[in-house]
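Student: First the structure, then my questions, so here it is.
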Amino acid sequence: MIKERTGAVVVGAGPTGLTLALQLARSSIPVRIVDAATEFFPGSRGKAVQPRVMEIFDDLGVAGRAVTSGRFRTPLYKRFDDGTTAIHDLLEAPREPSAATPYTRALLIPQNRTERLLRDRLGEFGVVVELGAGLSGFRQDRDGVTAVLADGREIAAQYLVGCDGASSAVRKRAGIGFTGTTDNSARWIVADVEIEGLDRDYWHQWIHGPHSMLALCPLPGTPLFQMQVHAPDGVREPLTREVLQGIVDDLDNGEKVRVRAVRWGSTWRSNVRLAERYREGRVFIAGDAAHVHTPAGAQGMNTGIQDAYNLGWKLAHVLAGAPAELLDTYEEERRPAAAAVLGLSDHLIGQGMSSVLPVAGQSAVVTQLSAHYRASSLSLPTDGTPGDRLAAGDRAPANLADHFRGTHVTAVAFGPVSSKVANALAERLPDRVKAVSVPVEEAEVRTAYAVTEDALFLIRPDGHIGARYTEPDEAQAVEYLGRLI
Ligand SMILES: Cc1cc2nc3c(=O)[nH]c(=O)nc-3n(C[C@H](O)[C@H](O)[C@H](O)COP(=O)(O)OP(=O)(O)OC[C@H]3O[C@@H](n4cnc5c(N)ncnc54)[C@H](O)[C@@H]3O)c2cc1C
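At position 224 of the sequence shown the residue is numbered 224 (full-length UniProt numbering), and the sequence of numbers has no breaks.
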């Protein structure tokens, strides 16, 4: 018998599912989040949170906690086969943080720690991850969807989102193809290990030896290092201390590095796939359930979090009465973003194992700061803006992040006409729209927004510019907001 009724059921409590549940919960949408596992994921796997996701964490209320648990700077200590060594910053040309871009470096923080921060924050909204609650199937009709759990329980909801990882049961049950390739010719090891004989101030890399590359990265907030290396032939899980010590000993370079214990370990192979669709009726997929690629460039978890951040506000708005067509823009915006990430990670892995290990530099693409939705049907004007000028669909510069924080649309006004329109919108839609008037003397903000005259920007709840008007008109803006709210 169906007992529960909820707005959305989120299947999978990895970083994607947790972010989605958090987006919904803070919009006061009833949400359940279920996971097949009987205990929380213990590994460091995705250990780099990219700058754009740090901005998202700021909005979600977890950035401060992440910063205290992680580390922005860990210099690389490289050893080469000719016996030489080099110590250098991860970034070739580090950019200083600014008001427009407060985060310019990835934060190193173990994935299990990131998940804990998201879970704790979710708990503050009264939502608890339900463990041991694997989805075995679902059925849907025009009015709703019912998740069927392996133990026979059922959860009825308006929407169901599969954030259940690369082997997604939701994707398979929805009949959504997952096209791409799996390279079985090579495997890599990722393991969290206790190490003796290494300085914790460096990300150690040996670019020589029989395994071509070995990396040991200190994991902030833990006594552990994350080990990454090509898996020697025949090595399979579970990874033992003896096997990992053997790999270190193979370097045969006189350094006395001892593997004391293995806390968690796994192997992976290159799997590059993209879901053919992100939606089947009332069922969506997000994160690794929708796209997988190599860890090169440290993009997977970050891309999943961005999926959830995008879908979350749209689901919340539709459940609060916005037109259902808004949900079509999720796939429209996020599938091309994932396709671009697949191309990037393929390109980086093509440069060799070394790109898998560091955060592969910190270009605007890798940091995800340049990810945009210019081609989206939600971006006005749709003709875009030529060149580098800030356009609808772009991430809004963070100068006004204090005003964006929350689940509302922000109407940012740069002059008297737009201020009048912004205030009228906020009055018309209290709690849903907030108005901000930027004074003329705020030159830095004007520069960041590339504004010289009066202009109105409507900033979406996910911090992207929805609409940009140079001749603001209340009726036009109201019509636009009617598609979002
Ligand atoms: C070596 C390595 C290094 C990486 N480094 C980075 C990095 O630095 N940065 C980065 O961004 N990414 C990195 N990644 C990728 C990152 O780990 C993944 O992209 C990320 O975990 C995906 O998150 P997710 O929530 O979508 O899926 P997952 O983390 O896979 O979570 C899925 C959840 O769904 C649950 N589940 C599965 N089936 C069911 C079911 N039937 N019912 C209910 N629950 C179910 C699982 O138990 C799990 O908790 C790395 C990956 C590897 C292997």
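C-beta atoms are modelled at their ideal positions from N, C-alpha and C, and glycine is treated no differently. Every value quoted in this text rests on a predicted model; they were computed, and no experiment measured them.
1) Just to confirm the assignment: which complete beta strand (DSSP E) runs, minimum length 3, are found wholly within the segment 91 to 154?
2) With H, G and I counted as helix, E and B as strand and the rest as coil, what does DSSP make of LEU357?
3) According to the neighbour-count rule (16 or more other Cβ atoms, all chains shown, within 10 Å of its Cβ), is GLU280 buried or exposed?
4) For VAL128, count neighbouring C-beta atoms within 10 Å of its own C-beta (all shown protein chains included) and say buried if the count is 16 or more, exposed if not.
5) For SER266, which residues in the same chain have their Cβ closer than 6 Å to its Cβ, ignoring the five residues on either side in sequence?
6) Looking at the unbroken beta strand (DSSP E) that takes in ASP183, where does it start and where does it end?
7) With respect to 6 Å, is the separation between the Cβ of ARG273 and the closest non-hydrogen atom of ligand 1 below this value?
8) Could you tell me if the beta carbon of GLY287 falls within a distance shorter than 6 Å of some heavy atom in ligand 1?
9) Could you tell me which of ARG282, LEU458, ASP192 and LEU400 sits nearest to ASP58, measuring between CA atoms?
10) Is any heavy atom of ligand 1 found at a distance shorter than 6 Å from the C-beta of PRO220?
11) Using the rule of at least 16 other Cβ atoms within 10 Å of the residue's Cβ for burial, across every protein chain shown, is HIS464 buried or exposed?
12) Does the segment 466 to 473 touch the segment 372 to 382, meaning 3 or more C-beta pairs lie closer than 8 Å?
13) Comparing the CB of LYS172 with every heavy atom of ligand 1, is any distance shorter than 6 Å?
14) Quick check: what's the CA-CA separation for THR84 versus LEU458?
15) Please name the residue in ILE33, VAL259, VAL445 and PRO238 whose C-alpha comes closest to that of GLY415.
16) So, using beta-carbon positions, are LEU216 and HIS204 closer together than 7 Å?
17) Nearest by alpha-carbon distance to GLN158: which of LEU484, GLU441, SER136 and ALA320 is it?
18) Just how far apart, CA to CA, sit GLY14 and LEU311?
19) Please classify VAL440 as buried or exposed, where buried requires at least 16 other C-beta atoms within 10 Å of its C-beta.
20) How long is the line joining the alpha carbons of LEU481 and ALA475, rounded to whole angstroms?
21) In chain order, which alpha helix (DSSP H) runs of at least 4 residues are fully inside the segment 433 to 461?
22) If you run the structure through DSSP and keep just helix, strand and coil, what is PRO218?
23) Excluding five sequence neighbours on each side, which residues of the same chain lie with their C-beta closer than 6 Å to the C-beta of VAL356?
24) Identify whether PHE225 lies in helix, strand or coil by the three-state DSSP scheme.
25) Quick one: complete alpha helix (DSSP H) runs, 4+ long, within the segment 55 to 96?
26) Can you tell me whether DSSP reads TYR159 as helix, strand or coil?
27) Suppose the cutoff is 6 Å on Cβ atoms and the five residues either side in sequence are ignored; what does the same chain contact list for ASP164 look like?
28) Is the segment 144 to 155 close to the segment 256 to 263, with three or more CB pairs under 8 Å?
29) Hey, could you find the ends of the beta strand (DSSP E) PHE284 is sitting in?
30) Got a sec: does ligand 3 put a non-hydrogen atom nearer than 6 Å to the Cβ of VAL259?
31) Excluding the 5 residues flanking THR114 on each side, which residues of the same chain have their C-beta closer than 8 Å to its C-beta?
32) So the alpha helix (DSSP H) ARG483 belongs to, where does it begin and stop?
33) Contact check, ALA443 vs LEU456 under 8 Å by CB: the rounded distance?
34) Could you check how far apart the C-beta atoms of ALA337 and THR303 are, in whole angstroms? I think they sit under 8 Å.
35) Whether or not the segment 95 to 113 and the segment 231 to 241 are in contact is what I'm after, with contact meaning three or more pairs of Cβ atoms, one per stretch, closer than 8 Å; do they touch?
36) Say the cut is 6 Å; is the CB of ALA298 nearer than that to a heavy atom of ligand 1?
Tutor: On the basis of the coordinates in this document:
1) Here the runs fully enclosed are 135 to 140 and 145 to 149.
2) Sequence index remark: in the sequence shown, residue 357 carries index 357 (1-based). Unreliable positioning characterises LEU357 in this predicted model, as indicated by a pLDDT of 45, which lies under 50. A coordinate reading is not provided.
3) Counting from one through the sequence shown, the residue named residue 280 turns up at place 280. Answer is buried; the Cβ neighbour count reaches 16.
4) Here residue 128 refers to the residue found at position 128 when the sequence shown is read from its first residue. VAL128 comes out exposed.
5) Stepping through the sequence shown from its first residue, residue 266 is reached at position 266. Correct list, in chain order: VAL190.
6) Counting from one through the sequence shown, the residue named residue 183 turns up at place 183. Note, ASP183: beta strand (DSSP E), 178 to 196.
7) Numbered from 1 along the sequence shown, position 273 holds the residue referred to as residue 273. For ligand 1, not one heavy atom lies less than 6 Å from the Cβ of ARG273.
8) Against the sequence shown, residue 287 aligns to sequence position 287. Checking the Cβ of GLY287 against ligand 1 gives yes.
9) By 1-based counting over the sequence shown, the position of residue 58 is 58. Distance check between ASP58 and each of ARG282, LEU458, ASP192 and LEU400 places LEU400 closest, using alpha-carbon atoms only.
10) Residue mapping note: residue 220 aligns to position 220 of the sequence shown, counting from 1. Not under cutoff, so the answer is no.
11) The sequence position of residue 464 within the sequence shown is 464, counting from 1. Classification of HIS464: buried, given that the 10 Å Cβ count is 16 or more.
12) yes
13) One-based indexing of the sequence shown puts residue 172 at position 172. Answer for LYS172: no, Cβ out of range of ligand 1.
14) The residue given as residue 84 occupies position 84 in the sequence shown. The residue given as residue 458 occupies position 458 in the sequence shown. Computed Cα separation, rounded: 54 Å.
15) Reading the sequence shown from its first residue, position 415 is the one you call residue 415. Comparing alpha-carbon positions, the option among ILE33, VAL259, VAL445 and PRO238 lying closest to GLY415 turns out to be VAL445.
16) Position 216 of the sequence shown, counting from 1, holds the residue named residue 216. Position 204 of the sequence shown, counting from 1, holds the residue named residue 204. Yes; because the gap between Cβ atoms is below 7 Å, this pair is in contact.
17) Locating residue 158 in the sequence shown gives position 158, where the first residue counts as 1. Scanning LEU484, GLU441, SER136 and ALA320 for the CA closest to the CA of GLN158 turns up ALA320.
18) Position 14 of the sequence shown, counting from 1, holds the residue named residue 14. Position 311 of the sequence shown, counting from 1, holds the residue named residue 311. Taking the straight line from one Cα to the other gives about 16 Å.
19) Counted from its first residue, the sequence shown places residue 440 at position 440. When all chains shown are included, VAL440 counts as exposed.
20) Position 481 of the sequence shown, counting from 1, holds the residue named residue 481. Position 475 of the sequence shown, counting from 1, holds the residue named residue 475. Distance between the alpha carbons of LEU481 and ALA475: 10 Å.
21) 443 to 448
22) In the sequence shown, the residue the question calls residue 218 occupies position 218. Residue state, collapsed to three classes: strand.
23) As a position in the sequence shown, residue 356 is number 356, starting the count at 1. Note that VAL356 has pLDDT 47, beneath the 50 cutoff, so the model's placement of it is unreliable and the number below is only indicative. Closer than 6 Å at the Cβ level, and outside the excluded window around VAL356, lie PRO295 and ALA296.
24) Working through the sequence shown from its first residue, we reach residue 225 at position 225. In the structure shown, PHE225 sits in a strand (DSSP, three-state: E or B).
25) Here the runs fully enclosed are 63 to 69.
26) Here the question's residue 159 lines up with position 159 in the sequence shown. Strand at TYR159.
27) Against the sequence shown, residue 164 aligns to sequence position 164. Excluding residues within five positions, the ones whose Cβ falls inside 6 Å are VAL11, GLY12, VAL170 and ALA289.
28) no
29) In the sequence shown, residue 284 corresponds to position 284, counting from 1. 283 to 285 is the span of the beta strand (DSSP E), which, as asked, contains PHE284.
30) As presented, the structure is devoid of ligand 3, carrying ligand 1 as its sole ligands.
31) Here residue 114 refers to the residue found at position 114 of the sequence shown. PRO15, GLY46, VAL49, ALA66 and MET301.
32) For the purposes of this step, residue 483 is taken as residue 483 along the sequence shown, with counting starting at 1. From DSSP, the alpha helix (DSSP H) with ARG483 extends over 474 to 484.
33) Residue numbering aside, residue 443 sits at position 443 when the sequence shown is read from its first letter. Residue numbering aside, residue 456 sits at position 456 when the sequence shown is read from its first letter. ALA443 to LEU456, Cβ: 19 Å. No contact.
34) As a working note, residue 337 is residue 337 in the sequence shown. As a working note, residue 303 is residue 303 in the sequence shown. 7 Å between Cβ atoms; contact.
35) no
36) The residue you call residue 298 lines up with position 298 of the sequence shown. Because some heavy atom of ligand 1 lies under 6 Å away, the Cβ of ALA298 counts as near it: yes.
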